[in-house]
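Residues in the sequence shown are numbered from 139 upward in steps of one, following this note's numbering. No residue lacks a Cβ here, since even glycine has one placed at the ideal position from N, Cα and C. None of these values were measured; they are calculated from a predicted model.
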Amino acid sequence: MSISVRPSIGVLVNHSVVSHLKKQKELFKGYLRYAELAEASQDANVTFFYFSIKNFDFKNNLIYGTYFDVNLNEWKQEKFPFPNLFCNYLINKGPSKFIEAYIEDILKKHGAVKVNSDLLFNNQEARVSLSQIVMEESSVIQQEESPLATADMPEFNTFNRPVIGVFVDHAVIRKLIKQKSHFKSYPRLEALAKASFEADVTLYYFSTNNFDFKQNLVYGTSFNFELNKWEQQYFPLPDVLYNRRAGGGPSRFIFEHIEQIFEERQVVKINSKSYFDKWEVYQDLSQNDKVRKYLPYSVVYEQERHLKKFLKKNDEAYLKGVRGGRGKWIFRVRKLPEGKFEYSYYVDDVLSIGQVEWAELIEEIQKFYGERKFIIQKAINLLKVEDSKVDFRAELQRDGEGKLNILGVCSRIGISQSPITIHSSAYPIEYFFKEFLQYSDEKINKLTGKIHKFLTKIYKALEKVYGVFGEIGIDFGIDQDGEIWFIEPNSKSAKVSLMKAYDDETFYHAFLNPVLFSKYLFDKKNRKTLDS
139 MSISVRPSIG VLVNHSVVSH LKKQKELFKG YLRYAELAEA SQDANVTFFY FSIKNFDFKN
199 NLIYGTYFDV NLNEWKQEKF PFPNLFCNYL INKGPSKFIE AYIEDILKKH GAVKVNSDLL
259 FNNQEARVSL SQIVMEESSV IQQEESPLAT ADMPEFNTFN RPVIGVFVDH AVIRKLIKQK
319 SHFKSYPRLE ALAKASFEAD VTLYYFSTNN FDFKQNLVYG TSFNFELNKW EQQYFPLPDV
379 LYNRRAGGGP SRFIFEHIEQ IFEERQVVKI NSKSYFDKWE VYQDLSQNDK VRKYLPYSVV
439 YEQERHLKKF LKKNDEAYLK GVRGGRGKWI FRVRKLPEGK FEYSYYVDDV LSIGQVEWAE
499 LIEEIQKFYG ERKFIIQKAI NLLKVEDSKV DFRAELQRDG EGKLNILGVC SRIGISQSPI
559 TIHSSAYPIE YFFKEFLQYS DEKINKLTGK IHKFLTKIYK ALEKVYGVFG EIGIDFGIDQ
619 DGEIWFIEPN SKSAKVSLMK AYDDETFYHA FLNPVLFSKY LFDKKNRKTL DS
């Protein structure tokens with residue numbers, strides 16, 4: 139970690155600017171200003187870096203700053219302590235005003251001085267005397283009113299309890315407040331809102347940009363059934379958190395800080411874990427005698443010799459990123475005669491297939507994963523329909539009494555030659571067995587009973603390790619010998635296959651159950667409080 143002993147300046151900019159600089163891009167609006175100021179800081183012997191709200195590490199009080207390394211002649215990113223001086227050069231501040239104001243407050247509390255951005259970006263004298271500005275920081279403090287004027291707060295005791303906060307990406311919020319409904323996730327958002335109305339609870343959607351850190355409130359988006367429109371207003375922190383936000387990404391520091399606040403306020407989670415790490419799950423479930431037999435042999439990839447050793451014993455392997463679902467970060471490898479290898483993967487709905495020598499295969503794998511951690515997993519000889527692989531997605535949920543239900547099990551028939559079944563046709567499992575495989579009713583009943591026992595074992599084994607879950611989507615396969623294999627769990631199932639395979643009532647119950655389970659958790663917490 140860099141320890142700044144020189145005067146230091148941090149400039150808050152839009153995240154797109156940081157992204158461009160990290161990628162060494164120069165052909166974007168304003169680049170000359172950013173580069174010129176960074177160059178001037180070298181002459182002035184000043185530590186200088188750019189950062190966005192997504193680079194602010196709230197937990198450790200550090201900033202992942204982007205600076206220009208004159209020796210390497212390139213932009214680099216590393217950790218910095220808080221600067222002596224900072225300025226706000228954000229453009230289009232609206233969506234991030236809550237986080238922006240909170241960051242400014244934190245910097246000021248740690249002794250950083252805010253200066254007018256014009257002093258740095260529109261003043262030629264300032265560019266050549268940065269060190270003097272830092273030394274005379276008291277003369278350039280910009281007194282200004284907080285961008286967060288205290289709004290009229292609603293009467294929070296009028297909300298039906300529990301209050302359920304649904305955490306989503308900000309792109310979703312933007313579409314809702316514009317009353318847009320023609321996007322993929324809208325049927326799920328609408329169904330959840332209707333379920334909350336039926337269950338007589340308060341439910342709102344929010345993103346990292348909607349969290350008001352100064353007042354510990356949320357500027358949430360909810361559906362007004364009287365006016366038939368989406369509206370925004372202040373809500374209290376939720377009683378129950380339903381995390382539907384995609385994990386990781388550049389907003390992880392903000393997300394982690396929000397989670398910390400929720401934990402301190404004892405906000406109950408529908409799911410005790412917001413994501414699953416495939417390698418951790420494999421290691422943890424391998425310790426459980428009841429489910430170990432369902433796990434395909436897996437090892438973590440650290441060096442290419444691990445893959446070479448694996449392929450000596452197996453003709454085919456699947457490489458899988460330890461994080462990520464919905465078919466992302468999956469790379470299939472198959473041995474061919476004469477020392478060649480076939481690979482296939484999906485990126486942006488495009489299937490890539492190739493036949494290469496070993497060295498080229500390793501290059502393809504490294505290009506595909508970069509720094510991302512991944513495992514090597516033994517391929518399952520899955521059931522097929524013609525040359526299309528078939529796997530299954532089961533949706534398991536707890537209801538308003540806390541009881542576990544298997545809502546639906548979908549068969550997914552993949553695209554021909556595809557290594558994944560994400561872009562697939564989906565059918566109820568009983569229909570698939572009868573119409574595609576021509577199984578008898580007796581065989582179907584016996585096999586579905588076996589599958590239900592398997593699913594219950596996996597669900598409870600995961601809860602034993604990680605805590606209670608309101609829902610898990612479980613992917614599994616059946617091989618040519620009729621053996622069941624666990625593929626992976628999903629804590630944020632999009633329920634796409636369920637929507638394709640089942641009727642509207644079943645799909646709706648997939649959203650009513652989490653709401654009813656929220657009431658169950660809320661009541662259970664209140665009873666526990668009264669008993670104590």
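What three-state label does DSSP hand residue i in the structure shown?
| i | result |
| --- | --- |
| Tyr-435 | coil |
| Leu-365 | coil |
| Tyr-413 | coil |
| Gly-477 | helix |
| Trp-467 | coil |
| Glu-283 | Legend: pLDDT at Glu-283 = 38, less than 50; position of this residue unreliable, no value from coordinates given. |
| Tyr-597 | helix |
| Val-339 | coil |
| Ala-250 | coil |
| Leu-654 | helix |
| Leu-575 | coil |
| Arg-326 | helix |
| Val-151 | coil |
| Lys-662 | helix |
| Ala-166 | One point to set straight first is that residue 166 is Phe, not Ala, in the sequence displayed. Looking at Phe-166 - three-state DSSP - the assignment turns out to be coil, as it is neither helix nor strand. |
| Leu-159 | helix |
| Glu-238 | helix |
| Val-494 | strand |
| Gln-504 | helix |
| Ile-399 | helix |
When the distance is taken between beta carbons, is residue j closer than 8 Å to residue i?
| i | j | result |
| --- | --- | --- |
| Ser-234 | Ile-201 | no |
| Lys-511 | Leu-520 | no |
| Leu-159 | Phe-224 | no |
| Asn-298 | Val-339 | yes |
| Ala-639 | Leu-593 | no |
| Leu-330 | Leu-341 | yes |
| Phe-236 | Phe-351 | yes |
| Tyr-456 | Gln-515 | yes |
| Leu-258 | Leu-175 | yes |
| Val-253 | Thr-204 | no |
| Tyr-481 | Val-494 | yes |
| Val-378 | Leu-659 | yes |
| Leu-228 | Asn-152 | yes |
| Ala-523 | Phe-571 | The sequence shown places Val at residue 523, not Ala. Cβ atoms of Val-523 and Phe-571: not closer than 8 Å. |
| Gly-605 | Ser-410 | yes |
| Leu-445 | Gly-546 | no |
| Ala-337 | Lys-662 | no |
| Asp-529 | Phe-614 | yes |
| Ile-302 | Ser-323 | no |
| Asn-226 | Ser-255 | yes |
Rank the options by C-alpha distance to the C-alpha of residue i and give the top, closest one.
| i | options | result |
| --- | --- | --- |
| Trp-496 | Lys-447, Glu-394 and Pro-376 | Lys-447 |
| Tyr-357 | Val-253, Phe-530 and Ile-311 | Ile-311 |
| Ser-360 | Ile-616, Gln-370, Asn-366 and Gln-353 | Gln-370 |
| Lys-633 | Arg-550, Val-606 and Gln-618 | Arg-550 |
| Asn-543 | Val-253, Thr-644 and Tyr-324 | Thr-644 |
| Phe-189 | Lys-214, Lys-313, Gln-493 and Gly-148 | Gly-148 |
| Glu-164 | Lys-197, Glu-212 and Leu-449 | Glu-212 |
| Pro-434 | Gln-353, Ser-334, Ile-622 and Ser-578 | Ile-622 |
| Gly-462 | Ile-513, Lys-431, Phe-194 and Val-429 | Ile-513 |
| Lys-217 | Glu-238, Asp-195, Glu-601 and Asp-619 | Asp-195 |
| Leu-365 | Tyr-372, Gln-317, Leu-170 and Ile-616 | Gln-317 |
| Lys-451 | Gln-441, Glu-440 and Ser-436 | Ser-436 |
On the CB-based measure, 16 or more other CB atoms within 10 Å of its CB, does residue i come out buried or exposed?
| i | result |
| --- | --- |
| Tyr-597 | buried |
| Leu-355 | buried |
| Glu-609 | buried |
| Tyr-671 | The structure shown does not extend to residue 671, since the chain is modelled only from 139 through 670, so no value can be given for it. |
| Gln-535 | buried |
| Thr-185 | buried |
| Pro-314 | Here residue 314 is Leu; the residue named in the question, Pro, does not match the sequence. Classification of Leu-314: buried, given that the 10 Å Cβ count is 16 or more. |
| His-248 | exposed |
| Phe-649 | buried |
| Ser-389 | buried |
| Gly-459 | buried |
| Lys-367 | exposed |
| Arg-443 | exposed |
| Asp-642 | exposed |
| Ile-279 | Summary for Ile-279: the model assigns pLDDT 39, below 50, so the residue's position carries little reliability, and this model does not support an answer. |
| Lys-407 | buried |
Give a yes or no on whether 8 Å exceeds the smallest Cβ distance from residue i to chain D.
| i | result |
| --- | --- |
| Asp-256 | Judged by its chain identifiers, the structure shown contains no chain D, having just a single protein chain. |
Inset, instruction - Evaluate contact between the region 342-356 and the region 303-316, counting only Cβ atoms and requiring at least three cross-stretch pairs below 8 Å. - result: The region 303-316 and the region 342-356 touch, with three or more beta-carbon pairs separated by less than 8 Å.
Inset, instruction - Decide yes or no for the touch test of the region 399-419 against the region 621-629: beta carbon pairs closer than 8 Å, at least 3 of them. - result: Contact between the region 399-419 and the region 621-629 is present, because at least three Cβ pairs lie under 8 Å.
Inset, instruction - Could you tell me whether the region 425-443 touches the region 471-482, using the rule of 3 or more Cβ pairs below 8 Å? - result: As far as the Cβ criterion goes, the region 425-443 does not touch the region 471-482, which means the pair count is below three.
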